[in-house]
Amino acid sequence: MNRRDSLKALGIGTLTTGLLLGGCKPGEKETTEVAKSGTEAVPGRMPAEVEREKKIKEEKYFDEHEMATITLLSDIIIPKDEHSGSASDAKVPEFIEFIVKDIPSHKLPMRGGLKWLDMQCLNRYGQAFIKCSSKQQTELLDQIAYPELAKAEMQQGVVFFSRMRDLVASGFWSSEMGTKDIGYAGNAPNKWTGVPADVLKQYGMENVVI
Amino acid sequence: MEDLQIKKSATEYDVIVVGSGAGGGMAGYVLANAGVKVLMLEAGAYFDPRVDSHQLKWAWESARRGAGTTRPFGDFDAAYGGWELEGEPYTTKDNTEFAWFRARMLGGRTNHWGRISLRMGPEDFKPKDGLTDPWPITYDELKPYYDKVDRMIGIYGTVENIESEPDGIFLPPPKPRLNELFIKKGAEKAGVKVITGRGSVLTEALPNNKDRGACFFCGQCGRSCKVYGDFSASSCLVIPAQKTGNLKVIPNAMVREVITNKEGKATGVSYVNTIDMQEYQVNAKVVILGASAGESARLLLNSKSAAHPGGLANSSGVVGKYIHDSTGSGAGGFLPQLMDRKRYNEDGVGSVHIYSPWWLDNKKLNFPRGYHIEYGGGMHMPAYGFMGGIQSMNGAVPGRDGKKKPAGGYGASLKDDYRRFYGTQVGMAGRGTSVARADNYCEIDPNGVVDKFGIPVLRFHYKWTNEEVNQAKHMQDTFEEVLHNMGAISFGKQGKETNYGLEAPGKIIHEVGTVRMGDDPKKSALNKWCQAHDCNNLFVVDAAPFVQQGDKNATWTILALSMRTAEYILQQRKKLNV
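Those sequence lines, one after another, are chains A and B. Read left to right, the first sequence gives residues 1 to 210 (UniProt numbering). Read left to right, the second sequence gives residues 1 to 578 (UniProt numbering).
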């Protein structure tokens with residue numbers, strides 16, 4: 001298989017000639033027939049995986065108030081800046097709704113953590129977190145967002161906020177917007193020829209040989 | 001249940017191969033290419049990486065952003081399976097923590113593996129430590145097959161002339177990544193040798209092979225390769241063998257037992273179709289098991305008859321015993337020097353670019369044999385778990401203004417931290433020799449537990465001993481020193497309370513040794529050709545015949561052994577012995 005054929009197999013080549021659009025190689029037909037005796041409807045997926053995902057997407061876990069709180073927290077954790085949009089611009093709340101159903105060990109800590117946050121706000125400011133002023137919100141978050149500085153009685157909030165921060169980071173940076181922002185330059189056919197010369201020089205690694 | 005019947009095929013194949021992974025795939029490939037009529041039975045689905053690989057998908061194309069919810073190594077990983085399979089349990093004895101990874105698919109676990117392709121060395125076959133058992137063959141006897149596997153499948157690496165790490169016939173290796181240069185410098189200061197990795201990835205087109213494309217450096221071998229640029233038994237062995245017209249694959253065929261006649265010779269196997277639950281029997285002159293170390297032992301133990309009352313090929317009683325997995329322990333950290341690093345594509349290959357072969361003399365150590373170290377890190381595609389626990393990083397070093405800030409946080413400054421720390425992480429993992437012991441074993445669960453097909457399941461009994469724990473401690477000490485020498489900030493050293501991070505057996509997925517080979521039929525199940533002492537038309541070609549694994553990953557040795565056994569079968573067929 002040459003490089004052009006490889007790219008064609010990937011479905012990403014720029015096909016300028018009909019020659020590349022030929023049929024199967026001898027023997028490929030036989031392989032395909034055997035493949036049909038399998039049960040997959042979606043290539044590369046087991047039927048149980050497809051069913052499971054469909055079912056999860058049909059369920060709803062968080063209620064409207066919870067989703068509003070998640071959305072607000074997500075955007076506080078990752079706001080819009082000069083490089084990219086906010087967490088909710090990247091649909092992080094939708095991701096969180098999915099992932100807690102997909103990984104159920106997130107469910108209770110998230111629901112309970114949101115409730116803990118509202119109770120703290122209710123006691124201090126007389127209203128739920130999303131109804132508080134942004135000064136009040138910041139005042140509370142500052143007590144749970146820095147694990148090493150947090151008071152012992154805020155430990156539940158610290159654990160919740162650390163989980164929330166991780167989920168928001170997962171959802172944001174793995175989105176198309178986040179991946180572009182972080183500058184990941186791979187996932188494309190290329191020829192790896194080693195660390196660029198200017199980078200080797202920057203770190204004084206020109207003479208390191210494996 | 002009135003319809004219950006066993007569909008018996010009138011066809012007699014020359015050979016039935018059970019399993020389509022490295023061992024079964026290689027045996028099927030060699031035999032089919034020699035004109036032998038082969039029937040291959042695979043318990044899982046048909047899988048062709050060209051069609052089924054998730055290569056080049058972006059994390060956002062996965063609803064779970066690549067999380068390992070249904071696949072332990074991530075949503076795009078190739079393996080259909082994991083350590084737990086619905087309806088296919090296994091049990092444990094005496095608080096054993098054993099985890100059994102099974103991939104139910106054409107090519108088995110070779111579709112998702114790390115492609116780290118190491119030969120065992122002369123002392124791995126004939127150890128001199130007085131503790132671990134010798135093989136009935138030497139390195140020199142297996143070397144010609146390792147050479148043939150290298151040429152046929154392709155492997156990159158560099159000639160190093162290290163006796164315990166025999167060189168192969170290598171394609172050019174991938175260049176090291178930036179983090180790996182830091183590792184090299186740090187490891188050398190700690191006296192740890194670092195050499196170029198050895199992986200079965202086609203860094204160049206393979207001479208005389210038109211069916212496989214060269215690697216295009218996406219670093220995603222774990223997803224399996226659409227252009228067949230790396231080794232999977234599906235793409236490189238079974239699918240080409242099908243094209244000879246001599247090998248037929250029946251997927252979704254879970255073999256129940258090997259059938260023997262009154263004389264005790266194998267006549268075929270029975271299997272259940274996992275889709276329609278119909279029962280079948282198929283016949284052959286020779287039966288080859290390549291179902292995996294665990295499954296091949298299970299099959300033999302479940303194949304009881306008057307001629308083989310203790311299970312097939314088990315007059316010695318060793319089947320199931322001596323199971324051993326590699327030891328494994330890991331560590332990680334990040335390199336503050338790499339903050340705000342320049343972005344470029346450093347995906348490279350999906351196997352290791354560098355590694356450390358075992359470098360010390362055991363005479364001065366409190367454990368036998370040794371371990372090698374695999375390394376990773378760098379600018380990967382962001383996915384689920386991306387920079388999780390950033391509070392363990394962003395409080396440890398000064399911010400842009402030169403001042404330290406409290407760990408954790410939120411908002412614009414946190415968002416900036418993710419960018420700053422991206423690509424600074426490094427990880428390392430030891431993979432070592434564990435001692436094959438008779439009292440580490442799998443057996444048919446004596447309490448009658450069966451799987452959803454009614455097949456009795458395995459029960460595992462496995463304990464690590466001081467030898468393995470001491471080795472893991474040594475790994476942790478080494479990792480900490482290497483990280484320190486690199487100028488990395490460690491994520492923490494594992495201590496006694498976690499057995500020094502020593503993973504449960506089975507977690508490294510190198511379990512071997514359950515149907516061991518040997519010259520003495522009283523102490524081994526197979527002879528030096530992997531042929532059953534008790535049944536001369538039965539062979540085992542997966543990792544079950546291993547006597548004692550070195551620290552080297554098992555696949556390359558499975559391939560070489562299976563090729564050797566398949567050639568032996570061809571010779572024996574000519575002599576009309578089988």
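Using N, Cα and C, we set each Cβ at its ideal position, and we do this for glycine too.
Asked                                                                                                                                                                                         : Found
Between the beta-carbon of Val227 (chain B) and the beta-carbon of Gly154 (chain B), is there less than 9 Å?                                                                                  : no
Whole angstroms are fine: how far does the CA of Ile444 (chain B) sit from the CA of His324 (chain B)?                                                                                        : 17 Å
Name the chain A residues whose beta carbon is nearer than 9 Å to that of Val18 (chain B)?                                                                                                    : Within chain A, no residue comes near Val18 (chain B); the closest Cβ sits about 17 Å away, beyond 9 Å.
Among B:His54, B:Ala241, B:Tyr500, whose alpha-carbon lies nearest the alpha-carbon of Asn466 (chain B)?                                                                                      : B:Tyr500
Name the chain B residues whose beta carbon is nearer than 7 Å to that of Thr191 (chain A)?                                                                                                   : The sequence given here places Lys at residue 191 (chain A); Thr does not occur at that position. Phe217, listed in chain order.
Rounded to whole angstroms, what is the Cα-Cα separation between Phe129 (chain A) and Gly389 (chain B)?                                                                                       : 24 Å
Is the distance from the Cβ of Val18 (chain B) to the Cβ of Val36 (chain B) below 9 Å?                                                                                                        : no
Would you check whether the ligand ATP has a heavy atom nearer than 8 Å to the C-beta of Leu142 (chain B)?                                                                                    : This structure lacks the ligand ATP, and indeed carries no ligand of any kind.
For the structure I just gave you, are there three or more beta carbon pairs, one from the segment 559–567 of chain B and one from the segment 522–532 of chain B, closer than 8 Å?           : yes
Quick one: give me the first and last residue of the alpha helix (DSSP H) that Phe62 (chain A) is part of.                                                                                    : Where Phe62 (chain A) is concerned, there is no enclosing alpha helix (DSSP H), given that its DSSP letter is neither H nor E.
Against Leu149 (chain A), what residues of chain B qualify as contacts under a CB-to-CB distance less than 7 Å, listed in chain order?                                                        : Pro406
From the DSSP output, in three-state form, read off Asn261 (chain B) for me.                                                                                                                  : coil
Do Pro176 (chain B) and His353 (chain B) have their C-beta atoms within less than 9 Å of each other?                                                                                          : yes
Looking at the unbroken beta strand (DSSP E) that takes in residue 579 (chain B), where does it start and where does it end?                                                                  : In the structure displayed, chain B extends from 1 to 578; residue 579 (chain B) sits before or after that span and is not available.
Around the Cβ of Ser292 (chain B), are there at least 16 other Cβ atoms within 10 angstroms (buried) or fewer (exposed)?                                                                      : buried
Between Gln572 (chain B) and Pro127 (chain B), how many whole angstroms is the CB-CB distance? I'm expecting something under 8 Å.                                                             : Not a contact, Cβ separation roughly 30 Å.
What would DSSP say about Arg119 (chain B), mapped onto helix, strand or coil?                                                                                                                : coil
Please check if any C-beta of chain B sits within less than 9 Å of the C-beta of Phe95 (chain A).                                                                                             : yes
Return the residue from the list B:Gly409, B:Phe491, B:Ser9, B:Gly290 that minimises the CA-CA distance to Pro336 (chain B).                                                                  : B:Phe491
If you count every other CB in all the chains shown that lies within 10 Å of the CB of Ala566 (chain B), and 16 or more means buried, which is it?                                            : buried
Which class does Leu149 (chain A) belong to by DSSP, given the choice of helix, strand or coil?                                                                                               : coil
Measuring CB to CB, does His308 (chain B) end up less than 9 Å from Asp520 (chain B)?                                                                                                         : no
What are the boundary residues of the beta strand (DSSP E) that Cys442 (chain B) is part of?                                                                                                  : 441–444
Would you grab the beta carbon distance between Gly408 (chain B) and Pro147 (chain A) for me? Rounded to a whole angstrom, and I think it's under 8 Å.                                        : 5 Å
Rounded to whole angstroms, what's the CA-CA distance from His484 (chain B) to Lys184 (chain B)? Just pull it up for me.                                                                      : 13 Å
Let's see if you can read the secondary structure: which residues bound the beta strand (DSSP E) around Asp14 (chain B)?                                                                      : 6–18
Assign Gln155 (chain A) to buried or exposed, taking buried as 16 or more other Cβ atoms, counted over all protein chains shown, within 10 Å of its Cβ.                                       : exposed
Specify whether the segment 48–58 of chain B and the segment 186–199 of chain B touch according to this definition: at least 3 beta carbon pairs, one from each stretch, less than 8 Å apart. : no
List, in order along the chain, the chain A residues whose C-beta lies closer than 8 Å to that of Asp86 (chain B)?                                                                            : Sequence check: residue 86 (chain B) is Glu here, not Asp. Those within 8 Å of Glu86 (chain B) in chain A are Ala48.
Identify each residue in the segment 78–94 of chain A for which the Cβ-Cβ distance to at least one residue of chain B is less than 7 Å, and report them in chain order.                       : Ile78, Pro79, Asp81
Please report the distance separating the alpha-carbon of Glu163 (chain B) from that of Lys552 (chain B).                                                                                     : 14 Å
With burial defined as no fewer than 16 other Cβ atoms inside 10 Å of the residue's Cβ, what is the status of Met40 (chain B): buried or exposed?                                             : buried
With a Cβ-Cβ cutoff of 9 Å, do Phe479 (chain B) and Gly432 (chain B) count as a contact?                                                                                                      : no
In chain order, what residues of the same chain have a beta carbon less than 7 Å from the beta carbon of Leu206 (chain B), not counting five sequence neighbours either side?                 : Gly154, Arg212
Which one or two residues does DSSP pair with Tyr375 (chain B) in a beta bridge?                                                                                                              : B:Met428
Beta-carbon within less than 7 Å of Arg71 (chain B)'s beta-carbon, same chain only, minus the 5 sequence neighbours each way: which residues are those?                                       : Asp77, Ala79, Gly82
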